[in-house]
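Working notes for the structure below.
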Amino acid sequence: MRNSSHRAELFRPHEPGSRHQSQCHLHPDRPPDWSCGSRLGKWRPRPCCNHGSPTGESWSLQLRQRRRFRQIAERVARNKPIVVLKAGRTQAGQSAAGSHTAALATNDKAVDALFAQCGVIRAKTLEEFLSLATGLSNQPRPHGRRIGILTNSGGPGVLCVDSCAAAGLTVPELSKQTQAGLASFLSPIATLGNPVDVVGFASEEQHARAVETMLISDELDALIIVHVSVRAKDNEPVAAGIIKGVHAARQAGHTKKPVYICWMAEGDLDRTLTVDGEAIPTYRHPEIPARIIRHAVAYETWRRQPSGQVLSFTDADLGKAKAICAKALSNRGPGWLSTEETQALLAVMNVPLVTGAIATTAEKAVKVAQKIGFPLAVKLASHQIVHKTEVGGVQLNLRNEQAVRAAFKAIRGRLAQANKLEAMEGVLVQPMLSGEVEVMVGMTRDPLFGPLIAFGLGGVHVEVLGDLQFRMAPLTDRDAAEMVQAIKGYRLLTGYRGHPPADL
Numbered sequence: 031m032r033n034s035s036h037r038a039e040l041f042r043p044h045e046p047g048s049r050h051q052s053q054c055h056l057h058p059d060r061p062p063d064w065s066c067g068s069r070l071g072k073w074r075p076r077p078c079c080n081h082g083s084p085t086g087e088s089w090s091l092q093l094r095q096r097r098r099f100r101q102i103a104e105r106v107a108r109n110k111p112i113v114v115l116k117a118g119r120t121q122a123g124q125s126a127a128g129s130h131t132a133a134l135a136t137n138d139k140a141v142d143a144l145f146a147q148c149g150v151i152r153a154k155t156l157e158e159f160l161s162l163a164t165g166l167s168n169q170p171r172p173h174g175r176r177i178g179i180l181t182n183s184g185g186p187g188v189l190c191v192d193s194c195a196a197a198g199l200t201v202p203e204l205s206k207q208t209q210a211g212l213a214s215f216l217s218p219i220a221t222l223g224n225p226v227d228v229v230g231f232a233s234e235e236q237h238a239r240a241v242e243t244m245l246i247s248d249e250l251d252a253l254i255i256v257h258v259s260v261r262a263k264d265n266e267p268v269a270a271g272i273i274k275g276v277h278a279a280r281q282a283g284h285t286k287k288p289v290y291i292c293w294m295a296e297g298d299l300d301r302t303l304t305v306d307g308e309a310i311p312t313y314r315h316p317e318i319p320a321r322i323i324r325h326a327v328a329y330e331t332w333r334r335q336p337s338g339q340v341l342s343f344t345d346a347d348l349g350k351a352k353a354i355c356a357k358a359l360s361n362r363g364p365g366w367l368s369t370e371e372t373q374a375l376l377a378v379m380n381v382p383l384v385t386g387a388i389a390t391t392a393e394k395a396v397k398v399a400q401k402i403g404f405p406l407a408v409k410l411a412s413h414q415i416v417h418k419t420e421v422g423g424v425q426l427n428l429r430n431e432q433a434v435r436a437a438f439k440a441i442r443g444r445l446a447q448a449n450k451l452e453a454m455e456g457v458l459v460q461p462m463l464s465g466e467v468e469v470m471v472g473m474t475r476d477p478l479f480g481p482l483i484a485f486g487l488g489g490v491h492v493e494v495l496g497d498l499q500f501r502m503a504p505l506t507d508r509d510a511a512e513m514v515q516a517i518k519g520y521r522l523l524t525g526y527r528g529h530p531p532a533d534l
């Protein structure tokens, strides 16, 4: 890739049999009359080209047209994977991009949300971009996560297992029947469970039969071959054995299982293997194939699922909701809604709320508490102070009237001490809830992408944990389900360690 101050250009793999599409270019002195979005829009399926990979500064052009890009990319990705390398993943990177091309300094979470919704695969590094380009272009996509590993060296084989586990893939032990088949032609000291270690001096024929055996097995969805050069003279026979084994499996009809090779041979690192016009990608490190398969499985899962639908809810009164927001804007201008306005808004949208009421004095808070019952919580009501706990505005597990009075006075006193008493609109008195997992649903408006919906584990530590998923509005039912399932704390919602499962 040339320096982007002169030209952003895509990479063109030169491996034999490569069918990689790379067409987007940008020159800073020649204002373009197209975007990668429009270029994708003109794409039509072609048998000679099964992969598209835009990158570089040109990407900043169509991010401003995200709705059109989303529609086009989702249509194209149904037939062909799209891989993107976008600069500015970190805050430091965005700052650097901002001094170079301001349009690149976009919210990275918004970019991830856009790509997740339209099936775009995002590469995080240049190495990953190139690896994905060659891997997805030249091999079929796996239909599952079960990985077979064939190696001639135990250590790198174990590294490959670790990489698969880190990528969310499984390395299942092979059945006794498959192991018996391997044992019939491999060395007595070979390891057969998975990884299959053929040992360092395995012959060409042993490699060929091992590759064929693992590819025709219905116990595996993909094969990673890890070759470590023991003697330079063995590299040619090993390569020939791999080619012979893949050819035999393909001739037998097993054409939908991808093969990736980690070729660790000093002085022979750039070897390419081709079987009947099918290029088998080779990489230098065992973790790279695992990452490719992870992306390929996720993409294939996305592609096979039906498109989601934007649902409409007849029990939500959008007219009243807009009126509440319009009145708040008219009264105060842009900003946060008050507690009372928020409750009214959620009520007309038919969102279930915890019972409670706002009180403006300590005695009114006590009267509300008498109606609700104990234990309860008293929280600051203020549209100016968003994070209530930071100003001591939340009092929990109050079990009598005296505690309620004390809580009201404590909140008022802390605000007075901080010179923020004018921000207090009262307190919200609510019953204590326990035994449930707290989650949050939020919305932010990105300057380029518009409204983004957030979902994740809630509570006072939400910013620290950062267990959030973002998607662009409007959400489909599929988007919502994917957001819930994608958070790290998803298991907590499914009934973890005896807790009742959430209503998902």
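To convert a position in the sequence shown, counted from 1, into my numbering, add 30.
Cβ atoms here follow ideal geometry from the backbone N, Cα and C, with glycine treated the same way.
The structure displayed is predicted, hence computed values, not measured ones.
Query                                                                                                                            : Result
Beta carbon of G275 nearer than 7 angstroms to that of E249                                                                      : no
Between the CA atoms of V114 and A309 - distance to the nearest angstrom                                                         : 22 angstroms
Cβ neighbour criterion (16 or more within 10 Å) applied to H529                                                                  : exposed
Cα-Cα separation, T200 to S183                                                                                                   : 20 angstroms
Residues near F159 by beta carbon distance below 6 angstroms, same chain, minus five either side                                 : L115 and A153
Cut-off 8 angstroms between Cβ atoms - residues of its own chain near I246, not counting five sequence neighbours on either side : A279, A282 and H284
Spatial neighbours of Y329 in its chain, beta-carbon cut-off 6 angstroms, leaving aside the 5 residues before and after          : P111 and I151
4-residue-minimum alpha helix (DSSP H) runs that sit fully inside the stretch 428-464, ordered along the chain                   : 431-447
Rounded separation between F438 and A448 - CA only                                                                               : 16 angstroms
Opening and closing residue of the beta strand (DSSP E) in which M30 lies                                                        : The requested residue 30 is not part of the displayed model; the chain covers only 31 to 534.
Contact check, S161 vs I318, beta carbons under 7 angstroms                                                                      : yes
Where the beta strand (DSSP E) through H257 begins and ends                                                                      : A252 to V258
Any 3 or more C-beta pairs closer than 8 angstroms across the stretch 291-298 and the stretch 161-172                            : no
E468 beta carbon less than 7 angstroms from that of G486                                                                         : no
N427, buried or exposed, once every other Cβ within 10 Å from all chains shown has been counted against 16                       : exposed
Within 7 angstroms, strictly: CB atoms of M379 and A351                                                                          : yes
Per-residue burial, P288 [other beta carbons within 10 Å of its own, 16 or more giving buried]                                   : buried
Own chain residues within Cβ distance below 8 angstroms of P481, not counting five before or after                               : M473, T474, R475, M502 and A503
Closest Cα partner of H417 within the set A103, A238, Y526 and V492                                                              : V492
Spatially closest choice to F479 from V141, N109 and V106, by CA coordinates                                                     : V141
C-beta atoms of A407 and M462 nearer than 7 angstroms                                                                            : yes
Residues of its chain near L458, where Cβ-Cβ distance is below 7 angstroms and the 5 sequence neighbours each way are ignored    : T369, G386, I388, K409 and A411
DSSP three-state assignment for M513, whether helix, strand or coil                                                              : helix
Same chain, Cβ closer than 6 angstroms to A146, neighbours up to 5 away in sequence not counted                                  : none
Supposed close pair Q207, G223 - CB separation, criterion 8 angstroms                                                            : Not confirmed; about 13 angstroms, so no contact.
Of the listed residues Q499, I415, R429 and D509, nearest to D138 (C-alpha basis)                                                : Q499
Beta-bridge partners of L245, as assigned by DSSP                                                                                : The partner list for L245 (beta bridge, DSSP) is empty, contrary to what the question assumes.
Backbone secondary structure at I415 - three-state DSSP                                                                          : coil
Beta-carbon spacing of A220, D227 below 7 angstroms                                                                              : yes
Cβ-Cβ distance between L144 and R96 below 7 angstroms                                                                            : yes
T391 versus A196: straight-line alpha-carbon distance, rounded                                                                   : 55 angstroms
Collapsed DSSP secondary structure at W332 in the structure displayed                                                            : helix
Same chain, Cβ closer than 6 angstroms to A374, neighbours up to 5 away in sequence not counted                                  : I354
Assigned secondary structure, K409 (DSSP; H/G/I helix, E/B strand, else coil)                                                    : strand
Distance between Q425 and D533 (C-alpha atoms, nearest Å)                                                                        : 28 angstroms
Coarse secondary structure for G365, derived from DSSP in three states                                                           : coil
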